[in-house]
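Engineer: Take a look at the following structure, please.
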Amino acid sequence: MGILTLGLNHNTAPVSIRERLAFPAERLHHALQGLIQLPEVREVAILSTCNRTEVYCGAETPTPHETLIDWIAHEQRLRREDFQPFLYTHRGADTIRHMFRVASGLDSMILGEPQILGQMKTAYQSAAEAGTLGKTLGKLFQHTFSAAKKVRTDTAIGSSPVSVAFAAVRLAQRIFDDLSRQTAILIGAGETIELTARHLAENKIGELIIANRTYDKAHALAQQFNGFAISLSELPKHLARADIVVASTASPLPILGKGSVESAIKARKHKPMFMVDLAVPRDIEPEVEQLRDVYLYTVDDLRNTVEENLRSRQEAALQAEEIIDTEVDHFLAWLKAQGAITTIQDFRKQAETLRDEALAKALQALKSGRPPEQALELLAHLLTNKLTHTPSIQLKQAGIYERHDLIAAAREIFQLKDGT
643 MGILTLGLNH NTAPVSIRER LAFPAERLHH ALQGLIQLPE VREVAILSTC NRTEVYCGAE
703 TPTPHETLID WIAHEQRLRR EDFQPFLYTH RGADTIRHMF RVASGLDSMI LGEPQILGQM
763 KTAYQSAAEA GTLGKTLGKL FQHTFSAAKK VRTDTAIGSS PVSVAFAAVR LAQRIFDDLS
823 RQTAILIGAG ETIELTARHL AENKIGELII ANRTYDKAHA LAQQFNGFAI SLSELPKHLA
883 RADIVVASTA SPLPILGKGS VESAIKARKH KPMFMVDLAV PRDIEPEVEQ LRDVYLYTVD
943 DLRNTVEENL RSRQEAALQA EEIIDTEVDH FLAWLKAQGA ITTIQDFRKQ AETLRDEALA
1003 KALQALKSGR PPEQALELLA HLLTNKLTHT PSIQLKQAGI YERHDLIAAA REIFQLKDGT
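Per my numbering, the very first residue in the sequence shown carries number 643; after that it's consecutive.
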């Protein structure tokens, strides 16, 4: 069986194309059932995220590259020419390496990001529930998870934050040991604030407040993370509650001035406040930094950390590639061994049949009154003759027809030494 990957990702296709090829969770089962009906396809799984759509396929060779493209065009109601230029294909060992790299975060938009491994596990679970996984793809997914875990364990690929939102939350964790006891106010409702909210929620933030000029946007975002929304005009009333403030808006003028922050600090009885301004132009007046008990960081402060951490991840990625090369070799060895399994099973079945025939004759000899020693000798004689009869005939024929390769193979298989 051949294995194939067909897909596109953030490197090969713009979001306008990626979103048209995505498979929402509610359509995934139907799509998998459709793919498994294709004549060449024996096993199949689909990975679909905001950054990539990939079909992993186990098929009779030659692999059904064109068939899959036609199926995608029909399923997604697209013309081939609309998406085919953005596709890539991997076969055999390249598919194995690709899946290992994807699961390890080496092929992600953010190097080393951990979410993709969970998405790979979801793809595996969906295919398992749809009944479209077989022995080969099932084993490949399990080995993929194992390889990704080894990369995470043996390298520093995911140990350092490489987004300003993640860096801000990591810094907050250093200042406040337990985020579950803290309140965070996020100012804005764009992508950076959403990412910050996600990281805070994952780290069990105690209370989350979203402040935005447009209340509906703040409310929609707050609902995702069990927070609540306020308008910017309400911000001064709530600011004193905030242990953490992260701001990222498109405002041309500062939203928080020194006076309002100073009032909040007094109301807090000088309990420390951690503030991060990720906006350009700034959302928080620079003079706020002068206030006691306020720790203010700008996007530039965090960017230096991010760049240093990214260099660290790139170094770890080189180590990860070496690990993946080794894991690919291990899986290829398993895959190649599968070609011999049927032959091994047939050989053992034949040997067991010959054993049963010889044993039946030896037992009959015992029943007829022959001594046990003679019955055992008969069993050994019959078994030896039966096991060596067919190989002996085949080796004689190989000698007659000068098939020296078969003779050499037999000596290797039976571990025969010269003179034995």
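No residue lacks a Cβ here, since even glycine has one placed at the ideal position from N, Cα and C.
Quick one: what's got a C-beta closer than 8 Å to I966's C-beta in the same chain, skipping five residues either side?
Structural biologist: Correct list, in chain order: R739, F742, R743, S746, L748, A789 and V793.
Engineer: Among S690, N651, H652 and A882, which has the Cα closest to the Cα of A664?
Structural biologist: S690
Engineer: Out of curiosity, what's the CA-to-CA distance linking G700 and G780?
Structural biologist: 10 Å
Engineer: For the alpha helix (DSSP H) holding I827, just list the boundary residues, first then last.
Structural biologist: Careful: I827 lies outside any alpha helix (DSSP H), inside the beta strand (DSSP E) at T825 to I829.
Engineer: Mark S750 as exposed unless 16 or more other C-beta atoms lie within 10 angstroms of its C-beta, in which case mark it buried.
Structural biologist: buried
Engineer: How would you call D1047, buried or exposed, if buried means at least 16 neighbouring beta carbons within 10 angstroms?
Structural biologist: exposed
Engineer: Have a look at the DSSP bridge pairing and note the partners of N854.
Structural biologist: S873
Engineer: For V948, which residues does DSSP report across the bridge?
Structural biologist: DSSP, once it has assigned bridges, lists no residue as partnering V948.
Engineer: Would the beta-carbon of V686 fall within 8 Å of that of T774?
Structural biologist: In this structure, V686 places its C-beta atom within 8 Å of the C-beta atom of T774.
Engineer: Let me know the secondary structure DSSP gives A884 once reduced to three states.
Structural biologist: coil
Engineer: So, is A959 buried or exposed, given that buried needs 16 or more other C-beta atoms within 10 angstroms?
Structural biologist: buried
Engineer: Between the segment 899 to 907 and the segment 930 to 939, are three or more C-beta pairs nearer than 8 Å?
Structural biologist: Remark: three or more beta-carbon pairs, one from each stretch, lie closer than 8 Å, so the segment 899 to 907 and the segment 930 to 939 are flagged as touching.
Engineer: How is A1051 classed by DSSP in three states: helix, strand or coil?
Structural biologist: helix
Engineer: Around the C-beta of S873, are 16 or more other C-beta atoms found within 10 angstroms, so that it is buried, or is it exposed?
Structural biologist: With fewer than 16 other Cβ atoms within 10 Å, it is exposed.
Engineer: Out of L996, H652 and R660, which one is the CA nearest neighbour of N1027?
Structural biologist: Measuring from the Cα of N1027, the nearest candidate turns out to be L996.
Engineer: Roughly how many whole angstroms lie between the Cα atoms of I907 and R816?
Structural biologist: 20 Å
Engineer: Use the C-beta contact count for I714: other C-beta atoms within 10 angstroms, 16 or more gives buried, fewer gives exposed.
Structural biologist: buried
Engineer: Specify the secondary structure class of R588 as computed by DSSP and reduced to three states.
Structural biologist: Nothing can be reported for residue 588: it is not among the residues displayed for the chain, which extend from 643 to 1062.
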